[in-house]
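In what follows, a single structure is set out as C-alpha cells and then discussed.
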Amino acid sequence: MDPHALPAAPLSRRAFVEAAGLAAAGLASSADRAVARPLSPSPPAGPADDVARDEGFWQRVAAQYRVSPVVTNLENGYWGVMAHPVLEAYKAHIDRVNVEGVYYIRTAYVRDLEAARARVASALGADVSEVAFTRGATEAMQVLIGGYNRLGPGDAVMYADLDYPGMQYAMNWLASRRGVRVARFAIPEPATKDSILDAYAAALAANPDVRMMLVTHCSHKTGLVFPVADIVALARVRGVDVLVDAAHSWGQIELSVGTLGADFVGFTLQKWIAGPVGLGAVYIRKSRLAAIDPMMGDEDHPAESVLSRVHSGTVNFAAALTAPAALDFHERLGPANKAARLRYLRDRWVAAVRGIPGVDILTPDERGLAAGITSFRLNGGTTSEHNQRIVETLRDRYGLFTARRTGVSRGDCVRVTPAVYNSVADVDRLAAAIRELARA
Ligand SMILES: Cc1ncc(COP(=O)(O)O)c(C=O)c1O
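Basically our numbering = 1-based index in the sequence shown + 1.
Here you go:
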C-alpha cells in the first residue's frame with residue numbers, strides 16, 4: 002500500500018495523541034526533538050584539504066560514532082554506521098511510528114515523507130518531481146534498467162567488468178525481457194582518465210547498436226572513480242542513454258545531478274550519507290520520465306509522476322523519515338571536508354605501501370579517480386582463496402577488517418574502506434601490516 006495515495010483523515014494528530022493519553026509522556030514530539038539536536042561538530046574554516054588534516058576536529062567527529070572495538074572496521078563500503086544524532090533521530094522515528102501507528106502513517110506521515118523526499122531532492126540538486134525513494138541503490142537501478150523502454154530487437158546494451166553484480170544481472174536479463182544483445186568490456190588496469198575514456202569510446206565504436214549503457218560512478222570493487230560527465234557526453238553524441246549507479250559516490254564524493262550530467266541515476270543513503278539501512282533514491286530527469294515505464298503498471302499515481310516508477314509496497318517508514326537528519330549531519334560536516342578526509346586517509350596508507358615489491362595498488366592516485374576506497378593485491382595473488390586468506394590474516398593477526406572483492410577481469414583483490422570515524426593510526430596499522438605481509 003502506498004501512503005502517497007491515501008487521503009488525510011479529519012482527526013488531527015494532536016487530538017489523536019491526547020485521546021490516546023500519550024501526550025503527557027512526550028512521545029509524540031520525541032522525533033521532532035531528536036531531529037533538532039545539535040549535529041556534527043562545526044568544521045574549522047579553511048580549504049577542505051587543510052580540514053582533512055585537522056586531527057582534533059576528526060577526533061570530535063569520531064566521538065559522534067559508537068563502533069565496536071572488537072575489530073578496526075576498514076570495511077565501511079557495505080553500509081555506513083549512523084552517527085549518534087542520526088541514530089537518535091531514527092530511534093525517535095521508530096518510536097513515533099510504533100506509538101502513533103497506522104493513524105500517523107495514514108495522516109501526517111504523507112506530509113512528512115514528502116518533506117523528506119524534497120530534502121533528498123534538494124541535497125542532490127534535483128527538483129522534487131525528479132526523485133523518488135527506493136529501498137536502496139539496487140532497487141533504484143532496477144527501476145531504471147527494467148523500466149527503460151527505448152529498446153527493441155536489434156538494439157544492444159552495454160556494461161563493464163567493474164559494474165556492480167546485481168546491475169550486471171539486470172542488464173543481462175534485458176536480453177530476454179527486451180530482446181537485445183548485451184555487450185561487455187573490461188576497464189583498463191591500471192587506469193587513467195584518458196584510458197577510461199578511450200575504453201568507453203572504443204567499446205561504443207565497436208558496438209554501434211548500443212542504445213543504453215550502465216556506468217558506475219565509483220566502483221565497489223576497486224574504488225575507481227569514473228569521469229561520469231565525460232562518459233555521458235561521449236555517449237550522448239552517439240544517441241546512447243547512460244544509467245548511472247551512484248551508490249558509492251553520493252556522500253563519498255561531492256556531487257549533484259548537475260555535475261553528473263546524467264538523465265537517470267540510482268543512489269543509496271545507507272552508505273556514505275550514513276542514513277538507516279534500506280533507503281535509496283532514484284533520479285529521473287523530468288524531460289526523460291517517459292523513457293522509464295511505471296513500475297509493474299502502477300495505477301496509484303499518474304504516469305506523469307516519478308512516484309509511479311517505484312512501487313515497493315510497505316516500507317520502513319522510519320528510515321525515510323530519518324533522511325533529513327542524515328543529510329543535516331552530512332552537510333554540516335561539509336561534503337567537501339568529508340571527501341577530502343576520506344581521500345587523505347586513503348592517500349596516507351597507499352603512499353606508505355605503493356612501490357613496495359609485491360604490493361599492487363589497483364586504484365590510481367590521479368586526482369578525481371580515487372576517493373576513500375582503494376583495493377590492492379599482494380605478491381601477485383589473483384585467486385579468491387589467496388585474497389580471502391589476506392582478509393582473514395588482516396582480521397585475525399592485525400585486528401583490521403577489510404573485504405575481498407571479486408569480478409575484476411584481472412582477478413580478485415582486497416578492498417579497504419575507511420570512514421570518517423577512522424583515525425590515521427588505523428590506516429598506519431594497515432600500512433604496517435601490508436608491509437609485513439608483502440615480505441612474508
Ligand atoms: C556500486 C554499487 N551499486 C549498488 C549497490 C547496491 O546498493 P544497495 O545496497 O543500496 O542496494 C552497491 C552496494 O554495495 C554498490 O557497491
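Positions of the beta carbon are idealized from the N, C-alpha and C atoms, including for glycine. None of these values were measured; they are calculated from a predicted model.
- Boundaries of the alpha helix (DSSP H) harbouring residue 395: 385-399, taken from the DSSP string.
- Nearest C-alpha to residue 364 among 403, 417, 94 and 322: 417.
- Nearest Cα to residue 116 within the set 201, 431, 326 and 411: 326.
- Close CB contacts of residue 253 within its chain, under the 7 Å cut and outside five residues either way in sequence, are with 219, 273, 340, 343, 372 and 373 (chain order).
- Non-local beta-carbon contacts of residue 260 in its own chain, meaning distances under 7 Å to residues more than five positions away in sequence, involve 230 in chain order.
- The set of residues with any CB-heavy atom separation to ligand 1 below 6 Å comprises, in chain order, 137, 138, 139, 165, 217, 221, 246, 248, 249, 269, 271 and 281.
- With a threshold of 16 other beta carbon atoms within 10 Å, residue 397 falls short and is exposed.
- For the set 404, 433, 318 and 174, the Cα lying nearest the Cα of residue 107 is the one of 318.
- Restricting attention to 244, 222 and 221, the CA atom closest to the CA of residue 232 is found in 244.
- Per DSSP, the unbroken alpha helix (DSSP H) holding residue 261 starts and ends at 258-261.
- The alpha-carbon separation between residue 311 and residue 175 amounts to approximately 19 Å.
- Counting of Cβ neighbours within 10 angstroms places residue 277 among the buried residues, the total reaching 16 or more.
- As the crow flies, the alpha-carbon of residue 225 is around 25 Å from that of residue 328.
- Membership of residue 201 in the alpha helix (DSSP H) is indicated by the continuous run 194-207.
- Across the structure, residue 53 and residue 43 are spaced so that their CA atoms are roughly 13 Å apart.
- The Cβ neighbour count for residue 212, taken over all protein chains shown within 10 Å, is at least 16; the residue is labelled buried.
- Per DSSP, reduced to three states, the secondary structure at residue 273 is coil, with no helix or strand assignment.
- A straight line joining the alpha-carbon of residue 275 with that of residue 322 spans about 14 Å.
- If the five residues before and after residue 85 are omitted, its C-beta is found closer than 6 Å to the C-beta atoms of 65, all from its own chain and listed in chain order.
- Between the segment 126-137 and the segment 280-300, the count of C-beta pairs closer than 8 Å reaches three or more; the two stretches touch.
- In this structure, 162 is the residue among 179, 162 and 251 with its C-alpha nearest to the C-alpha of residue 190.
- Membership of residue 282 in the beta strand (DSSP E) is indicated by the continuous run 281-285.
- Under DSSP, residue 161 takes part in a beta bridge, and its partners are 186.
- Setting aside the 5 residues that flank it on each side, residue 124 is surrounded in the same chain by 328, each with a C-beta closer than 6 Å to its C-beta; the list follows chain order.
- The three-state reading of DSSP puts residue 377 in strand, counting E and B together.
- Residue 406 counts as buried, since no fewer than 16 other beta carbons sit within 10 angstroms of its beta carbon.
- No Cβ-Cβ contact shorter than 8 Å links residue 438 with residue 265.
- Between the C-alpha atoms of residue 435 and residue 352 there is a straight-line separation of about 12 Å.
- Counting the other CB atoms within 10 Å of its CB gives residue 347 a total of 16 or more, which places it among the buried residues.
- Comparing C-alpha distances from residue 197 to each of 369, 377 and 431 shows the shortest one belongs to 369.
- Distance from the Cα of residue 314 is smallest, within the candidate group 128, 140 and 113, for 140.
- According to DSSP, residue pairing for residue 214 in a beta bridge involves 159 and 243.
- Across the set 337, 295, 247 and 345, the C-alpha of 337 shows the shortest separation from the C-alpha of residue 49.
- DSSP places residue 254 in the strand class (E or B) of the three-state scheme.
- Excluding five sequence positions before and after residue 120, the CB atoms of its chain that fall closer than 7 Å to its own CB belong to 324, 325 and 328, given in chain order.
- Going by beta carbons, residue 384 and residue 412 fall inside the 8 Å limit.
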